[in-house]
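In this text, residue positions in the sequence shown follow the numbering used here: the first is 1, and each later residue adds one. Ideal Cβ positions, reconstructed from N, Cα and C, are used throughout, including at glycine.
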Amino acid sequence: MSVRVALLGCGRWGEKLLRALSENARARVVAVADVDRGRLARARALAPRARLVRTLDEALAARVDAVVVATPAASHAELALRALEAGADVFVEKPLALSAAQADRCAARAAALGRVGMVGHLLRYHPSVVHLVALARERRLGDLVSFSAARLSTGGAGGGARSALWTLGPHDLSVLSALDPSPLVEARAHLSPGGEHVTLSARLESGLTAQIELCSSSPTKERRLRLAGSARVALFDDVRAPDRLALLDARGAAAGALLDDARERADRIERDALARVVEEREVAVPWREPLSVEIEHFLRCVEDRAPPLTPLDEGAAVVRVLERVEATLAPVEARAAAAG
Numbered sequence: 001m002s003v004r005v006a007l008l009g010c011g012r013w014g015e016k017l018l019r020a021l022s023e024n025a026r027a028r029v030v031a032v033a034d035v036d037r038g039r040l041a042r043a044r045a046l047a048p049r050a051r052l053v054r055t056l057d058e059a060l061a062a063r064v065d066a067v068v069v070a071t072p073a074a075s076h077a078e079l080a081l082r083a084l085e086a087g088a089d090v091f092v093e094k095p096l097a098l099s100a101a102q103a104d105r106c107a108a109r110a111a112a113l114g115r116v117g118m119v120g121h122l123l124r125y126h127p128s129v130v131h132l133v134a135l136a137r138e139r140r141l142g143d144l145v146s147f148s149a150a151r152l153s154t155g156g157a158g159g160g161a162r163s164a165l166w167t168l169g170p171h172d173l174s175v176l177s178a179l180d181p182s183p184l185v186e187a188r189a190h191l192s193p194g195g196e197h198v199t200l201s202a203r204l205e206s207g208l209t210a211q212i213e214l215c216s217s218s219p220t221k222e223r224r225l226r227l228a229g230s231a232r233v234a235l236f237d238d239v240r241a242p243d244r245l246a247l248l249d250a251r252g253a254a255a256g257a258l259l260d261d262a263r264e265r266a267d268r269i270e271r272d273a274l275a276r277v278v279e280e281r282e283v284a285v286p287w288r289e290p291l292s293v294e295i296e297h298f299l300r301c302v303e304d305r306a307p308p309l310t311p312l313d314e315g316a317a318v319v320r321v322l323e324r325v326e327a328t329l330a331p332v333e334a335r336a337a338a339a340g
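Okay, structure coming up:
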C-alpha cells in the first residue's frame with residue numbers, strides 16, 4: 001500500500017522532491033501546497049492526481065500519512081510541528097529550523113508522538129559519502145585528524161535562510177556529525193558583508209579539527225571533501241568524480257607537532273602523503289541519485305516504523321552548531337557595517 005504524501009512548497013527544490021516522490025512506487029502524492037499558483041500549475045505535470053492547495057490544513061484534508069516540508073526555512077519548524085500534531089510523519093528540508101529551541105521542540109514532539117521525523121541532509125545519502133563514513137567508522141583511515149570541505153554554489157542563497165551558513169552549512173556539518181558525534185568545543189567563522197561567503201573553523205572534543213568554506217554566489221561550482229586520518233587521506237570531488245573516492249596512503253604523515261590551523265594541518269598531512277605514496281588508488285562507488293536514495297529511505301522508514309538515518313535529533317544538533325557558529329559572526333558583521 002502506497003504512502004499518502006503531501007508536499008508543502010513547490011519552489012526550485014520542492015519541485016525536485018516532487019519529481020523524486022512521483023517516480024517512487026512507494027509514494028502516492030495526494031496533495032501539493034504552495035501559495036504561488038504558477039508553481040502549482042507546474043506541479044500538475046508531475047502529480048496529475050494530487051490536490052493542488054494553498055495551505056497545510058487543506059493538504060491534511062487529503063488524509064495524508066506523511067508530510068514533506070520544502071517551504072522557506074523560517075516556516076520549517078512551525079509546519080513540521082503542525083503536521084506531527086495532526087498525526088503525520090514528517091520529512092523536513094534542511095535546516096530543520098532557524099533556532100535551536102525550535103529544532104529541539106520538533107525533535108521532542110516527534111519522539112513523544114511516536115512519529116517518523118527525518119531531516120533532509122542530502123549529502124548523507126550520497127553513495128560516495130556513505131562509503132567515506134563507513135571507511136572512517138571501520139578505522140580504515142586510522143585516527144581521524146582533520147576534516148575540510150569546500151561548497152561553492154552559483155545559485156544564490158535561496159530557501160529564505162539568513163546566509164550561506166544556513167543554506168549550505170548543514171550539508172557538511174551533517175557529514176562531520178556522522179564522522180565524529182563528539183561535542184563542539186571551539187568554533188570561529190568569518191562572513192562576507194552580504195552573507196554569501198563564509199569560512200568556519202571548528203574543533204571537536206575528540207581533537208578532530210574542521211575547516212569549511214561556503215559560498216552561495218561563486219562563479220564556479222565546487223563540492224569537495226577531504227578527510228585526513230593517521231593512516232590515509234580520503235578525497236572526494238562531487239563535481240568532477242561523484243562516483244569516486246581517492247585514497248592516499250599517509251602512514252607516518254601525522255607524525256610530529258600538531259598544527260593549530262585546521263587547513264594547514266590537513267594540507268601538511270596530504271603533502272606528506274603525496275611525498276611518500278605507498279598506495280594511491282581510486283575507489284569506485286556504485287552510483288544512485290542521492291535524492292532518490294533519500295526519498296526511498298524516508299518512505300521505507302514510514303512503512304516499517306523505523307528510525308531514519310538522519311532523524312530530527314540530528315537536524316537539531318546541526319542547528320545548534322549553526323547557531324553557535326553564527327554567534328561568532330556578530331562582531332565581523334558589526335565591523336563590516338561600521339566600515340560601510
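- Less than 8 Å divides the Cβ of V129 from the Cβ of V175.
- Distance from the CA of A88 to the CA of P95, rounded to the nearest whole angstrom, comes to 20 Å.
- The three-state reading of DSSP puts A50 in coil, since its state is none of H, G, I, E or B.
- By the 16-neighbour rule on beta-carbons within 10 angstroms, H190 is exposed.
- Annotation: the segment 76-138 contains the following complete segments of the beta strand (DSSP E) (minimum length 3 residues), in chain order: 89-93, 117-120.
- The Cβ atoms of L245 and V285 sit closer than 8 Å to each other.
- Counting C-beta pairs closer than 8 Å gives three or more between the segment 202-211 and the segment 140-148, which meets the contact rule.
- In this structure, DSSP gives P307 a state outside helix and strand, which the three-state scheme calls coil.
- Boundaries of the beta strand (DSSP E) around S146: 144-152.
- For A234, the enclosing beta strand (DSSP E) begins and ends at 232-237.
- Below 8 Å, enough C-beta pairs join the segment 41-49 and the segment 3-21 to call them touching: three or more.
- Scanning the segment 7-38 from its first residue to its last, the whole beta strand (DSSP E) runs of 3-plus residues come out as 27-33.
- Taking 8 Å as the cut-off, the beta carbon of A61 is found no closer than this to the beta carbon of V69.
- In the DSSP assignment, the residues bridged to H197 are C215.
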